[in-house]
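Input: a single structure, listed below in structure tokens.
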Amino acid sequence: MKIDFLFSTDFYGMNASELSHTCMHLLCTAGEGSFVFNEHCYHIMKNDLVVISMPDRVSNLAAHADMQVEWFAADYRFLQNQLPSNNYSIGGSISLNQDPVIKLTDEQARHLLEDFHRLRDRLGERHLSFYQELMGSLCQTMMYDIFEAHAQRDATDAHTDRTAYIVKQLMELLSTGISRTEREVGYYAERLNVSPKYLSATIKRVTGLSVTSYIDRHTVPILKELLNDERLSLTQIAERMNFTSLSYFSRYCTKHLGQSPSAYRQSLQPKKR
Numbered sequence: 025m026k027i028d029f030l031f032s033t034d035f036y037g038m039n040a041s042e043l044s045h046t047c048m049h050l051l052c053t054a055g056e057g058s059f060v061f062n063e064h065c066y067h068i069m070k071n072d073l074v075v076i077s078m079p080d081r082v083s084n085l086a087a088h089a090d091m092q093v094e095w096f097a098a099d100y101r102f103l104q105n106q107l108p109s110n111n112y113s114i115g116g117s118i119s120l121n122q123d124p125v126i127k128l129t130d131e132q133a134r135h136l137l138e139d140f141h142r143l144r145d146r147l148g149e150r151h152l153s154f155y156q157e158l159m160g161s162l163c164q165t166m167m168y169d170i171f172e173a174h175a176q177r178d179a180t181d182a183h184t185d186r187t188a189y190i191v192k193q194l195m196e197l198l199s200t201g202i203s204r205t206e207r208e209v210g211y212y213a214e215r216l217n218v219s220p221k222y223l224s225a226t227i228k229r230v231t232g233l234s235v236t237s238y239i240d241r242h243t244v245p246i247l248k249e250l251l252n253d254e255r256l257s258l259t260q261i262a263e264r265m266n267f268t269s270l271s272y273f274s275r276y277c278t279k280h281l282g283q284s285p286s287a288y289r290q291s292l293q294p295k296k297r
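Here the sequence shown is numbered in our numbering, starting from 25 and rising by one per residue.
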């Protein structure tokens, strides 16, 4: 069973298999513990924040008797859709895959706990008409608080090796909006003068995610923007985005928006009371 949102204080529950599609945000509030991620062991203590996508990759959890944590997990794709594609979250996610622990100040930890508790307190309100939008707004606040702390951590980091260069160049290409018409890995590999296999392996190794996931991450906001423009027909949008057929365009929308393009447009209309 997939879980869209979950709050817990159980450290040993953070790598449960049902959380494999989520992004985990765990704050240590007392004591200390450790875990293994990407073959590295991390030791955490009070005010340490752990941010990990697909936390089922975590292993070897160990906690001292006095350790206390609070964590919030949310569907990874849902979180991605809450923010513009060209914001800090993309670079941040790459860095966090290499080192998922951020040391917070007391003030930053307090703000983050407040974010967690606001989300926790609204989890059971699925009956609300705008539940997804409400949770999305609260998740945005949490993520920006995390970005602020993370940006301070990485402010002095310098990456000069070739793999980091390839990742940076791919992100710069995608930030131009080229994925509106170009969504094949081979296109980006050719632009970067590497093979598709090398590009895929490099991005996966450095970020933990696929090239396609980053292409889609930049494409979905473009798709939404075009669908929001009522002057454009679905056929015109499909042509602008270089889809080979209207049915392929519809399948892409359904996969990434959770509904057909016509249904998505209908959802934008004010609900009748």
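Positions of the beta carbon are idealized from the N, C-alpha and C atoms, including for glycine.
(request) Pull up the distance between the alpha-carbon of phenylalanine 140 and that of glutamate 214, whole angstroms please. (result) 43 Å
Boundaries (first-last residue) of the beta strand (DSSP E) holding isoleucine 76 | 72-77
Can you tell me the Cα-Cα spacing of serine 257 and threonine 205, whole angstroms?
-> 17 Å
Beta-bridge pairing of phenylalanine 96 - partner residues as DSSP gives them
Phe31, His49
With a cut-off of 8 Å, do at least 3 Cβ pairs link the segment 219-238 to the segment 277-284?
no
Quick one: is asparagine 234 buried, meaning 16 or more other Cβ sit within 10 Å of its Cβ, or exposed? Correcting the residue identity first, residue 234 is serine in this sequence and not asparagine. When all chains shown are included, serine 234 counts as exposed.
What is the DSSP secondary structure of asparagine 84, reduced to helix, strand or coil? strand
Spell out a yes or no on whether the segment 160-168 and the segment 196-211 are touching, meaning 3 or more CB-CB pairs, one atom from each, closer than 8 Å.
no
Using a threshold of 9 Å, state whether the C-beta atoms of alanine 7 and glycine 57 are closer than that. The requested residue 7 is not part of the displayed model; the chain covers only 25 to 297.
Give the DSSP-derived three-state secondary structure of glutamate 56 in the structure shown.
strand
Can leucine 147 be considered in contact with the ligand ATP, in the sense that its beta carbon sits closer than 8 Å to one or more heavy atoms? In terms of ligand content, the structure shown is empty, and the ligand ATP therefore cannot be addressed.
| query | What do you reckon, are the CB atoms on alanine 93 and methionine 38 nearer than 9 Å? | reply | Here the sequence assigns valine to residue 93, which means alanine is not the residue at that position. Going by C-beta atoms, valine 93 is nearer than 9 Å to methionine 38.
Extent of the continuous alpha helix (DSSP H) to which valine 218 belongs | Careful: valine 218 lies outside any alpha helix (DSSP H) and carries neither H nor E.
Histidine 67 - DSSP class collapsed to helix/strand/coil
strand
Q.
So, for arginine 142: in the same chain, excluding its five sequence neighbours on each side, which residues have a beta-carbon less than 8 Å away from its beta-carbon?
A. Leu162, Thr165
| Cα-Cα separation between proline 14 and leucine 43, rounded to whole angstroms | Residue 14 lies beyond the range of the chain shown here (25 to 297); nothing can be said about it.
Q. Taking the beta strand (DSSP E) that isoleucine 126 falls in, what are its first and last residues?
A. 125-127
- Task: Within its chain, find whatever has a CB closer than 8 Å to the CB of valine 191; leave out the 5 residues flanking it on each side and keep chain order.
- Result: Ile118, Thr226, Ile227, Val230, Thr231
From Ser153, Tyr100, Ile246, Arg207, residue whose alpha carbon lies closest to that of serine 291 = Ser153
Note to self: Per DSSP, what are the beta-bridge partners of phenylalanine 61 in this structure?
What the structure shows: His64
Identify every run of the beta strand (DSSP E) within the segment 188-265, keeping only runs that are complete inside it and at least 3 residues long; order them along the chain.
none
Going by DSSP, what residue range makes up the alpha helix (DSSP H) through alanine 287? 285-291
Inset, instruction - Starting from leucine 143, trace the alpha helix (DSSP H) both ways and give me its first and last residue. - result: 130-146
Test item: CB-CB of leucine 250 and arginine 264 under 9 Å
yes
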